[in-house]
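Single-structure report; data block below.
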Amino acid sequence: MIKIICVGKIKEKYLSDLINDYKLRISKYHKIDIIELKDNDINTESNEILKVLNSKDYNIYMDIKGEKLNSIELSSLINDVFLNGYGNISFIIGGSNGVNDEVKRFVNKRISISDMTFPHGLFRGILLEQIYRSFKILNNESYHK
-16 MIKIICVGKI KEKYLSDLIN DYKLRISKYH KIDIIELKDN DINTESNEIL
34 KVLNSKDYNI YMDIKGEKLN SIELSSLIND VFLNGYGNIS FIIGGSNGVN
84 DEVKRFVNKR ISISDMTFPH GLFRGILLEQ IYRSFKILNN ESYHK
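For the sequence shown, this note's numbering assigns the number -16 to the initial residue and increments by one for each residue that follows.
The structure is reproduced here in C-alpha cells:
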C-alpha cells in the first residue's frame, strides 16, 4: 500500500478533484490511502504523524532540503522499495512549518520535488501525479511528457 500522510484538509474543490483523479488512477496499479491530520503546532503535528507511521514501512519525508529525484529515479525508488520486501510506502507531507527532528530521524529517506514552495493542496496533487507517472514508467506505458 502507498500511504500519503499529510497535515491539513483540502478546502478547494478543484484541488480535491485533482487529488481524487490521481488517487483513482494510482488505484489501478496499487492500493493507496490518504491520511489527513489536523493542523496544529509543529510538535503536535509531528506527534500525530509518528502515531500513524510504522517502522516496517518505507517512510519518505517530503522535504524541500531532501534529495532531488527526477521521475525515473522516483519510479526506481518505488520499485526497489517493494522489491526489497516493504509492504508499504508512506509519503509524509508536514504542515507549513515542516516536522520536528524526531520525525526526520524516523524516516528512511527525505526527498524533494523542487526548491520552490507550493500550496499544500497543490503539492499533494503534484506528488500524486508523480506517483502515478512512476507506475506508468514501471509498466512501460506511454504518458505525456
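Cβ atoms here follow ideal geometry from the backbone N, Cα and C, with glycine treated the same way.
**Asked** Which one of S10, I94, E31 has the shortest CA to CA distance from L57?
**Response** Numbered from its first residue, the sequence shown carries residue 57 at position 74. When each option's Cα is compared against that of L57, the closest is I94.
**Prompt:** Do Q82 and I15 have their C-beta atoms within less than 8 Å of each other?
**Reply:** Stepping through the sequence shown from its first residue, residue 82 is reached at position 99. Stepping through the sequence shown from its first residue, residue 15 is reached at position 32. First, the residue type needs correcting, since residue 82 is Val and not Gln in the sequence shown. Against a cut-off of 8 Å, the Cβ pair of I15 and V82 comes out as no contact.
**Request:** Could you name the residues that DSSP lists as bridge partners for L20?
**Result:** Stepping through the sequence shown from its first residue, residue 20 is reached at position 37. BP columns for L20 point to V(-10).
**Message:** Less than 8 Å between the C-beta atoms of I2 and R107, yes or no?
**Reply:** On the sequence shown, position 19 is the one that residue 2 refers to. On the sequence shown, position 124 is the one that residue 107 refers to. Contact flag set, yes.
**Request:** Whole angstroms is fine: what's the gap from K119's alpha carbon to T27's?
**Result:** On the sequence shown, position 136 is the one that residue 119 refers to. On the sequence shown, position 44 is the one that residue 27 refers to. Going from the Cα of K119 to the Cα of T27 covers about 37 Å.
**Asked** Is DSSP giving L70 helix, strand or coil here?
**Response** Residue 70 sits at position 87 when you count from the first residue of the sequence shown. What sits at residue 70 in the sequence shown is Gly, not Leu. G70: coil per DSSP, three-state reduction.
**Prompt:** Can you tell which of L60, S54, I18 has the C-alpha that lies nearest to the C-alpha of I76?
**Reply:** Indexing the sequence shown from 1 puts residue 76 at position 93. Out of L60, S54, I18, I18 has the C-alpha closest to the C-alpha of I76.
**Request:** Flag this pair as yes or no: are the beta carbons of R116 and S73 separated by less than 8 Å?
**Result:** Mapped onto the sequence shown, residue 116 falls at position 133. Mapped onto the sequence shown, residue 73 falls at position 90. Their beta carbons are not under 8 Å apart, which means R116 does not touch S73 by this criterion.
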